[in-house]
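Position 9 of the sequence shown, counted from 1, bears residue number 8 in numbering that gives the first Met the number 0, the numbering being contiguous throughout. Remarks on the structure that follows.
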Amino acid sequence: MPDECFRHPRLAAIYDPLDPDRGDLDAYVAIAAELEARRVLDIGCGTGVFALLLARRGIEVVGVDPALASLDVARAKSGAERVRWVHGDATALPALQVDLATMTANAAQEIVDPSDWQRSLRGAYDALRPGGYLVFESRDPAKRAWERWTRGDSYRVTEIPGVGAVESWVEVTGVDGPLVSFRWTFVFAEDGDVLTSDSTLRFRERAEVEAELVVCGYDVRDVRGAPDRPGLEFVFLAQRPPL
Ligand SMILES: C[S@@+](CC[C@H](N)C(=O)[O-])C[C@H]1O[C@@H](n2cnc3c(N)ncnc32)[C@H](O)[C@@H]1O
Numbered sequence: 000m001p002d003e004c005f006r007h008p009r010l011a012a013i014y015d016p017l018d019p020d021r022g023d024l025d026a027y028v029a030i031a032a033e034l035e036a037r038r039v040l041d042i043g044c045g046t047g048v049f050a051l052l053l054a055r056r057g058i059e060v061v062g063v064d065p066a067l068a069s070l071d072v073a074r075a076k077s078g079a080e081r082v083r084w085v086h087g088d089a090t091a092l093p094a095l096q097v098d099l100a101t102m103t104a105n106a107a108q109e110i111v112d113p114s115d116w117q118r119s120l121r122g123a124y125d126a127l128r129p130g131g132y133l134v135f136e137s138r139d140p141a142k143r144a145w146e147r148w149t150r151g152d153s154y155r156v157t158e159i160p161g162v163g164a165v166e167s168w169v170e171v172t173g174v175d176g177p178l179v180s181f182r183w184t185f186v187f188a189e190d191g192d193v194l195t196s197d198s199t200l201r202f203r204e205r206a207e208v209e210a211e212l213v214v215c216g217y218d219v220r221d222v223r224g225a226p227d228r229p230g231l232e233f234v235f236l237a238q239r240p241p242l
C-alpha cells in the first residue's frame with residue numbers, strides 16, 4: 000500500500016508543486032541516452048514527471064505505480080497520451096521487453112518488505128530485454144539523511160496556484176535498524192484541512208543491494224553517485240545479461 004502522500008488525491012495534486020526542481024532527473028535522462036534506450040519502464044512513476052520527460056524525447060514509456068491518485072495526476076498532464084500508464088507495481092507487469100527500467104526519487108526505498116523487494120527486482124528483470132538495464136537510486140545509510148528530517152529543517156509554506164498556501168513539514172517517528180519511519184504534515188490555508196502521511200523507508204547498504212541484484216540474475220555494471228546530491232546516494236546500474 001503506497002503512502003498517503005501518493006494516494007490521497009489532495010496530496011498527490013501538490014506533489015509536483017511542493018518539489019518543482021527535478022534536476023535529479025537529468026542524470027537519468029543522460030543515462031537513458033548513454034544506454035540508447037528506446038523503450039523504458041519507469042517503476043514507481045508517481046505523477047509521471049520522468050516518464051513524460053522521456054516521452055517528449057520520442058522514447059516509448061510505460062509508467063507503473065500503485066498509487067492511483069498519483070497516476071491520475073500524471074494522466075492529466077500534457078503529452079500523457081504518449082505514455083502507457085499501469086496501475087500496479089513491478090511484481091505484476093504486462094509482458095514487456097524494455098531497454099531500461101528505472102526507479103527515480105528513491106522509489107526503491109519505498110519497497111520495504113524483503114520479499115516484495117526481491118519480487119520487484121525479478122519483475123523488472125522479466126520486463127527487460129536481454130542486455131537491458133535496471134537503474135535506480137537509494138540513499139547511503141551511512142549519511143543518515145533522516146537526522147535532517149526535522150520540523151525545524153523542513154518547515155515551509157508553499158504558495159500553490161489554485162490551491163493556496165500549504166504549510167508542510169516532516170518529523171521522524173521511529174528508527175528500527177534499516178527502517179526509518181516519518182510523518183509528513185500538510186496544512187491547507189484555504190480551509191484549514193490538516194493531512195498527514197506516514198511512511199517507512201528501508202535504507203539498504205550498497206553491498207546488500209549488489210548481492211540482491213546478483214541473486215536476481217543481474218550483473219552489476221556500475222554504482223554511481225547522484226550528481227545533484229553528491230556523496231549521499233548510490234545509483235545502481237544493473238544489467239540483465241545479454242543472450
Ligand atoms: C518519492 S515517489 C517518486 C515518484 C517518481 N518516481 C518521481 O521521480 O517523482 C515514490 C513512488 O513510489 C511508489 N511506490 C510505493 N510503493 C511501490 C512499489 N511497491 N512499487 C513501485 N512503486 C511504489 C509511490 O506510490 C510513489 O509514487
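Ideal Cβ placement from N, Cα and C applies to all residues, glycine included.
### Task
Count the other C-beta atoms from every protein chain shown that fall within 10 angstroms of the C-beta of residue 96, then say buried if there are 16 or more, exposed otherwise.
exposed
### Query
So who's on the other strand from residue 166, going by DSSP bridges?
156, 186
#### Entry: Beta-carbon gap between residue 20 and residue 48 smaller than 8 Å
no
#### Entry: Span separating the alpha-carbon of residue 126 from that of residue 162
38 Å
### Message
Tell me whether residue 69, by its Cβ, gets closer than 7 Å to a heavy atom of ligand 1.
### Response
yes
### Between the CA atoms of residue 54 and residue 78 - distance to the nearest angstrom
8 Å
### Short Cβ contact (8 Å threshold) for residue 111 with residue 145
no
### Close-in-space but distant-in-sequence residues of the same chain around residue 116 (CB under 6 Å, 5 per side omitted)
110
### Query
Across which residues does DSSP place residue 38 in a beta bridge pair?
59
### Message
Can you determine whether any heavy atom of ligand 1 sits closer than 7 Å to the C-beta of residue 48, and answer yes or no?
### Response
yes
### Query
Would you call residue 0 buried or exposed, if buried means 16 or more other Cβ atoms sit within 10 Å of its Cβ?
exposed
#### Entry: Buried/exposed call for residue 38, threshold 16 Cβ in 10 Å
buried
### Query
Among residues of its own chain, excluding the 5 on either side of residue 27, which ones have a beta-carbon nearer than 8 Å to its beta-carbon?
49, 101, 103, 134
### Task
May I ask you to check if the CB of residue 167 is nearer than 7 Å to at least one heavy atom of ligand 1?
no
### Task
Would you mind reading off the limits of the beta strand (DSSP E) that contains residue 84?
82-86
### Selection from 157, 52, 185 that minimises the alpha carbon distance to residue 169
185
### Query
Roughly how many angstroms separate the alpha carbons of residue 211 and residue 93, rounded to a whole number?
23 Å
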